[in-house]
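Numbering (this note's numbering), first residue to last: 187 to 308. Just so it is clear, CB atoms sit at the ideal spot from N, CA and C, and this is done for glycine as well.
Now the structure itself:
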């Protein structure tokens with residue numbers, strides 16, 4: 187079976203997914219995903235194949251999207267992305283990283299790091 191190449195492209199209008207085989211002669215481009223929100227960073231967890239996309243803005247707020255089927259369906263969560271009531275609001279998710287132990291880390295604006303142990307649900 188030919189190796190699949192997947193490129194994730196975050197834009198101000200959502201996430202796009204480009205797929206090709208190892209030869210990369212032609213590409214299948216799909217999107218935009220993530221409800222047309224600004225996407226700052228997207229990753230594919232190599233262990234599970236799950237795609238995570240992080241983004242948002244001061245207008246929309248922060249969010250992480252998750253797809254377990256290469257972008258066909260998505261779930262969205264902002265739960266847990268807060269410093270608490272009365273504190274400075276989080277503007278957006280800036281960076282994501284999946285760790286081998288299953289945790290998902292989200293770097294946000296303003297500078298802070300959040301950790302999810304439930305696949306990005308919280």
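Buried/exposed call for residue 282, threshold 16 Cβ in 10 Å: Looking up residue 282 in the chain shown gives position 96. Only buried fits residue 282, as 16 or more other CB atoms lie within 10 angstroms of its CB.
Simplified DSSP state of residue 274, which is helix, strand or coil: As a position in the chain shown, residue 274 is number 88, starting the count at 1. Residue state, collapsed to three classes: coil.
Proximity of residue 196 and residue 227 at Cβ, strictly below 8 Å: Numbered from 1 along the chain shown, position 10 holds the residue referred to as residue 196. Numbered from 1 along the chain shown, position 41 holds the residue referred to as residue 227. Taking C-beta atoms as the reference points, residue 196 and residue 227 count as a pair closer than 8 Å.
Local Cβ density within 10 Å of residue 286, reported as buried at 16 or more and exposed below that: Here residue 286 is taken as the residue at index 100 of the chain shown, counted from 1. Counting every other CB atom within 10 Å of its CB across the protein chains shown gives residue 286 a total below 16, marking it as exposed.
Residue 260 versus residue 307 - alpha carbon distance: Working through the chain shown from its first residue, we reach residue 260 at position 74. Working through the chain shown from its first residue, we reach residue 307 at position 121. Those two C-alpha atoms are separated by around 12 Å.
Option in 211, 215, 299 with minimal Cα separation from residue 289: To locate residue 289, count along the chain shown from 1; it is residue 103. Check the Cα spacing between residue 289 and each of 211, 215, 299: the tightest is with 299.
Proximity below 8 Å, CB of residue 208 to CB of residue 193: Locating residue 208 in the chain shown gives position 22, where the first residue counts as 1. Locating residue 193 in the chain shown gives position 7, where the first residue counts as 1. In this structure, residue 193 does not lie closer than 8 Å to residue 208 by Cβ.
Closest by C-alpha distance to residue 220, when choosing among 276, 249, 294, 303: Position 34 of the chain shown, counting from 1, holds the residue named residue 220. Considering only alpha carbons, the answer is 249.
Member of 301, 265, 241, 270 whose CA lies at the smallest distance from the CA of residue 295: Stepping through the chain shown from its first residue, residue 295 is reached at position 109. Selected option, being the one with the closest Cα: 241.
Nearest-angstrom beta carbon gap, residue 231 and residue 284 [assumed within contact, 8 Å]: Position 98 of the chain shown, counted from the first residue, corresponds to residue 284. Position 45 of the chain shown, counted from the first residue, corresponds to residue 231. Residue 284 to residue 231, Cβ: 4 Å. Contact.
Chain-order list of residues whose beta-carbon lies under 7 Å from that of residue 244 (same chain, five-residue window excluded): Position 58 of the chain shown, counted from the start, is the residue given in the question as residue 244. 277.
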